[in-house]
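>
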Amino acid sequence: MFKKILIANRGEIACRVIKTARRMGIATVAVYSDADARAPFVRMADEAVHIGPSPASESYLIADKIIAACKATGAEAVHPGYGFLSERTSFAEALAKENIAFIGPPVNAIAAMGDKIESKKLAKEAGVNVVPGFVGEIRDTEHAVEISNEIGYPVMMKASAGGGGKGMRLAYDEKDVREGFESVKREGLNSFGDDRVFIEKFILNPRHIEIQILGDQHGNILYLNERECSIQRRHQKVVEEAPSPFVTEKMRKAMGEQCVALSKAVGYYSAGTVELIVSGADPTGESFYFLEMNTRLQVEHPVTEAITGIDLVEQMIRVAAGEKLEMTQDDIKIDGWAIENRVYAEDPYRGFLPSTGRLTRYKPPVPGWTDDGEENGRRGVDGVRVDDGVYDGGEVSIFYDPMIAKLITWGETRDEAADLQVAALDRFELEGLGHNIDFVSAIMQHPRFRSGELTTGFIAEEYPEGFHGAPTDEAVTRALAAIAGFMASAEADRARRTDGQLGDRLDPPAKWEVTIDGTSHKVKLGHKHIKVDGDKIDIALEYTPGDRLVVAEIGDGELAVKALKTRTGWRMTTRGAIHDVRVLPWHVAPLASHMIEKIPPDLSKFLICPMPGLLVALHVGEGDKVEAGQPLATVEAMKMENILRAEKSGVVKTVNAAQGDSLAVDAVILEME
Numbered sequence: 001m002f003k004k005i006l007i008a009n010r011g012e013i014a015c016r017v018i019k020t021a022r023r024m025g026i027a028t029v030a031v032y033s034d035a036d037a038r039a040p041f042v043r044m045a046d047e048a049v050h051i052g053p054s055p056a057s058e059s060y061l062i063a064d065k066i067i068a069a070c071k072a073t074g075a076e077a078v079h080p081g082y083g084f085l086s087e088r089t090s091f092a093e094a095l096a097k098e099n100i101a102f103i104g105p106p107v108n109a110i111a112a113m114g115d116k117i118e119s120k121k122l123a124k125e126a127g128v129n130v131v132p133g134f135v136g137e138i139r140d141t142e143h144a145v146e147i148s149n150e151i152g153y154p155v156m157m158k159a160s161a162g163g164g165g166k167g168m169r170l171a172y173d174e175k176d177v178r179e180g181f182e183s184v185k186r187e188g189l190n191s192f193g194d195d196r197v198f199i200e201k202f203i204l205n206p207r208h209i210e211i212q213i214l215g216d217q218h219g220n221i222l223y224l225n226e227r228e229c230s231i232q233r234r235h236q237k238v239v240e241e242a243p244s245p246f247v248t249e250k251m252r253k254a255m256g257e258q259c260v261a262l263s264k265a266v267g268y269y270s271a272g273t274v275e276l277i278v279s280g281a282d283p284t285g286e287s288f289y290f291l292e293m294n295t296r297l298q299v300e301h302p303v304t305e306a307i308t309g310i311d312l313v314e315q316m317i318r319v320a321a322g323e324k325l326e327m328t329q330d331d332i333k334i335d336g337w338a339i340e341n342r343v344y345a346e347d348p349y350r351g352f353l354p355s356t357g358r359l360t361r362y363k364p365p366v367p368g369w370t371d372d373g374e375e376n377g378r379r380g381v382d383g384v385r386v387d388d389g390v391y392d393g394g395e396v397s398i399f400y401d402p403m404i405a406k407l408i409t410w411g412e413t414r415d416e417a418a419d420l421q422v423a424a425l426d427r428f429e430l431e432g433l434g435h436n437i438d439f440v441s442a443i444m445q446h447p448r449f450r451s452g453e454l455t456t457g458f459i460a461e462e463y464p465e466g467f468h469g470a471p472t473d474e475a476v477t478r479a480l481a482a483i484a485g486f487m488a489s490a491e492a493d494r495a496r497r498t499d500g501q502l503g504d505r506l507d508p509p510a511k512w513e514v515t516i517d518g519t520s521h522k523v524k525l526g527h528k529h530i531k532v533d534g535d536k537i538d539i540a541l542e543y544t545p546g547d548r549l550v551v552a553e554i555g556d557g558e559l560a561v562k563a564l565k566t567r568t569g570w571r572m573t574t575r576g577a578i579h580d581v582r583v584l585p586w587h588v589a590p591l592a593s594h595m596i597e598k599i600p601p602d603l604s605k606f607l608i609c610p611m612p613g614l615l616v617a618l619h620v621g622e623g624d625k626v627e628a629g630q631p632l633a634t635v636e637a638m639k640m641e642n643i644l645r646a647e648k649s650g651v652v653k654t655v656n657a658a659q660g661d662s663l664a665v666d667a668v669i670l671e672m673e
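Counting in the working numbering, the sequence shown runs from 1 upward without gaps.
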């Protein structure tokens with residue numbers, strides 16, 4: 001077994017690998033860029049080596065710097081995590097030349113499966129179903145249009161070396177191909193150093209199901225069941241679960257055996273994932289097609305660990321050291337249900353725009369996951385596990401992936417795992433930047449999610465006008481009114497005890513008008529009860545002025561509410577929605593109707609940068625006439641290109657930014673007449 005390994009990655013996956021290595025008695029080395037100098041994974045490792053500036057292209061993507069760090073520290077092996085160099089054949093070959101073990105599959109398997117074009121050819125030769133498409137070299141945009149017309153719309157354009165949702169565009173017609181082809185090429189070149197693109201038919205009502213593979217260097221390959229990854233946004237997975245509510249035992253066996261056969265065809269070992277696209281319109285489950293193989297650990301691996309009890313990182317390390325798998329296919333079971341939500345630095349209330357900045361408050365529902373080696377320990381604390389790599393006061397930068405943490409829950413049933421997600425998300429305190437906690441909570445509560453009728457179009461279909469918060473039922477609204485009234489009395493009680501006030505100390509007000517989402521409620525606090533609109537509420541809670549999280553026991557359940565003080569009340573967040581709550585004493589409330597409403601200024605004539613990013617293209621100049629919906633500028637943030645369009649027709653009056661400029665959020669790019 002190795003004595004020391006280096007982790008050629010950052011963030012939560014670096015922390016994840018370090019924890020398992022530590023339990024195995026293996027020393028660890030971290031490598032870090034300028035942006036990550038104070039990151040938790042750097043402090044967690046036994047040694048840390050600085051490898052360059054913040055951009056990944058100048059640090060984490062430079063193999064020579066990783067190898068130099070191995071030599072300097074005496075690391076015998078490298079775990080690449082996911083992304084960065086994890087599927088780069090040249091990196092694995094360079095390590096082999098230096099006699100440094102690669103904790104991953106053999107080079108030939110990475111080469112065969114890492115290239116989406118070549119992997120489809122191999123899969124076809126092996127008798128695996130593949131999606132109809134064009135897998136040759138595409139010369140230019142005109143050639144792309146010609147191919148797309150032959151295949152039939154809709155089609156998907158993908159960067160050959162792409163991954164993680166980058167370098168992908170869905171085209172419903174010729175116009176979409178012309179507009180998106182060059183953008184896909186650019187994203188592929190910028191993120192992966194490869195601008196080749198392929199085009200394939202887009203399967204309607206598709207489900208994204210993947211099979212976890214695990215093999216050793218002695219010819220043993222197993223499948224560790226499936227994961228359902230259909231809920232995606234911009235082809236980036238948001239929710240993953242294991243097992244899939246769609247897959248039957250017969251389907252599981254057919255998929256698993258086919259994926260094992262494909263893996264054996266390329267001499268695969270270590271952990272890997274075969275991604276399949278499955279037609280949700282075919283209840284037999286026989287309409288599944290090879291999509292791609294990820295020759296590395298997946299972001300969503302914890303859900304597989306939770307239902308199988310197998311530590312995938314440990315197995316990768318043991319396989320790389322030449323050990324034989326101790327389990328057989330018959331040993332692989334499914335125990336319960338696990339769901340993972342990715343907590344991203346993006347604002348769902350503003351069209352999911354990337355968000356960067358400092359985490360002024362970061363407090364997950366349970367402490368970060370620790371690897372105690374116990375099978376059930378992979379399920380976290382009472383079925384709740386948090387995998388993260390950030391800290392309270394840390395910064396989420398523009399240079400890397402926007403994922404802040406992964407929240408994994410395990411339950412005996414799917415509904416139990418989803419209920420745990422909702423409760424845990426309510427307790428997840430995160431401030432300082434936009435995040436998607438409310439959004440994933442809304443998904444967990446959505447009737448369609450609960451039914452298991454999922455497709456990759458779930459988010460686009462269920463939130464066509466964007467996300468504006470989860471629906472709030474009457475019981476939750478009444479509970480919020482009671483909680484707000486109780487909190488207001490506690491605040492008033494503290495205020496009356498402040499020294500130096502005139503007059504006698506009076507009892508704090510016990511009668512409040514609480515307005516939630518435009519509807520007012522009369523709240524009255526008694527000696528041992530709270531009434532909302534004349535009805536008693538069965539509620540028990542504690543609140544000290546200044547508390548950010550209030551947990552109320554309501555009947556047999558509980559409601560966790562995050563509360564941020566405002567001038568006339570609180571901004572309260574729970575169950576996937578934000579509520580601006582106004583709380584006024586009964587005798588003051590009638591006067592509120594006399595307040596003058598503040599009308600926001602009209603900003604429609606400005607093109608405002610919605611997120612911090614790089615202006616990669618400016619499509620218009622001063623004096624140009626534009627139509628509503630026309631692309632005006634393209635801004636790159638967190639390695640994703642975002643096209644900014646005109647809200648209305650007009651003429652460009654002034655241009656305030658140039659291509660190549662780094663823009664701050666709300667920066668004015670141009671002004672219309």
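We put the beta carbon where it would ideally sit given N, CA and C, even for glycine. Since this is a predicted model, take the numbers as computed values, not measurements.
Does DSSP put H579 in a helix, in a strand, or in coil?
Here H579 sits in strand by DSSP.
> Going by DSSP in three states, L549 sits in which element: helix, strand or coil?
Reduced to three states, the DSSP call for L549 is strand.
> Count the other CB atoms within 10 Å of the CB of P447; is the residue buried (16 or more) or exposed (fewer)?
Classification for P447: exposed.
> Name, in chain order, the residues that DSSP records as bridge partners for R645.
In DSSP, R645 forms a bridge with P631.
> Locate the beta strand (DSSP E) running through H208, then write down its first and last residues.
Taken as a continuous stretch (DSSP letters only), the beta strand (DSSP E) holding H208 covers 206-215.
> How far does the alpha helix (DSSP H) with K250 in it reach, from first residue to last?
Run containing K250: 249-265, per the alpha helix (DSSP H) assignment.
> Contact between the segment 55-74 and the segment 25-36 is defined here as three or more beta-carbon pairs at a separation below 8 Å; is this criterion met?
At 8 Å Cβ cutoff, the stretches touch.
> Buried or exposed, going by whether 16 or more other CB atoms sit within 10 Å of the CB of D535?
Under this definition D535 is an exposed residue.
> Per DSSP, what kind of secondary structure is R296 in: helix, strand or coil?
In this structure, R296 counts as coil in the three-state DSSP scheme.
> Where D176 and L170 are concerned, what is the direct C-alpha to C-alpha distance, given to the nearest angstrom?
One C-alpha to the other measures close to 8 Å.
> Check whether the Cβ atoms of C259 and I213 sit closer than 8 Å, and answer yes or no.
Going by C-beta atoms, C259 is nearer than 8 Å to I213.
> On the DSSP letters alone, give me the boundaries of the beta strand (DSSP E) that S520 sits inside.
Note, S520: beta strand (DSSP E), 519-525.
> May I have the straight-line CA-CA distance separating D195 from A482, to the nearest angstrom?
Cα to Cα, the separation comes out at about 58 Å.
> How close, in whole Å, do the beta carbons of G74 and A92 come, if the pair is a contact with beta carbons under 8 Å?
20 Å between Cβ atoms; not a contact.
> By alpha-carbon positions, which one of D46, A14, E137, G411 ends up nearest to D28?
For the sequence presented, residue 28 should be read as Thr rather than Asp. For the residues D46, A14, E137, G411, the minimum Cα distance to T28 belongs to D46.
> Looking at the secondary structure, which residues open and close the alpha helix (DSSP H) in which E462 lies?
Here the alpha helix (DSSP H) through E462 covers 458-462.
> Short check: CB of E374 to CB of E340, under 8 Å?
It is not a contact, given that the beta carbons lie outside the stated cut-off.
> Starting from the C-beta of I443, find all residues in its chain whose C-beta is less than 7 Å away, skip the five residues before and the five after it, and write them out in chain order.
Hits under 7 Å: I231, V239, F449.
> For M293 versus T273, is the C-beta distance shorter than 8 Å?
Going by C-beta atoms, M293 is nearer than 8 Å to T273.
> Leaving out five residues on either side along the sequence, give the residues of the same chain with a beta carbon under 7 Å from the beta carbon of A492.
Excluding residues within five positions, the ones whose Cβ falls inside 7 Å are P508, P509.
> In three-state DSSP terms, what is G613?
Reduced to three states, the DSSP call for G613 is strand.
> Assign S270 to one of three DSSP states: helix, strand, or coil.
Strand, per DSSP.
> Which residues does DSSP pair with K158 in a beta bridge?
Its beta-bridge partners are M168, F198.
> With DSSP as the reference, identify every bridge partner of N341, one or two as the case may be.
Partner(s): V239, L407.
> Count the other C-beta atoms from every protein chain shown that fall within 10 angstroms of the C-beta of M316, then say buried if there are 16 or more, exposed otherwise.
The residue is buried, with at least 16 neighbouring Cβ atoms inside 10 Å.
> Apart from the five residues on each side of it in sequence, which residues of its chain come closer than 7 Å, Cβ to Cβ, to L224?
The answer, listed in chain order, is Q212, L214, T304, T308, I310, I332.
> Evaluate the contact criterion for the segment 466-485 versus the segment 535-549: three or more CB pairs, one atom per stretch, below 8 Å.
These segments touch.
> Evaluate contact between the segment 395-409 and the segment 334-348, counting only Cβ atoms and requiring at least three cross-stretch pairs below 8 Å.
Yes, the segment 395-409 is in contact with the segment 334-348.
> Who does R186 pair with in a DSSP beta bridge?
R186 is not bridged to any residue.
> For the segment 349-364 against the segment 5-13, do three or more pairs of beta-carbon atoms, one drawn from each stretch, fall closer than 8 Å, so that the two count as touching?
They do not touch, by the three-pair rule.
> Between which residues of its own chain and W570 is the CB-CB distance below 6 Å, once the five residues before and five after are set aside?
A563, V581.
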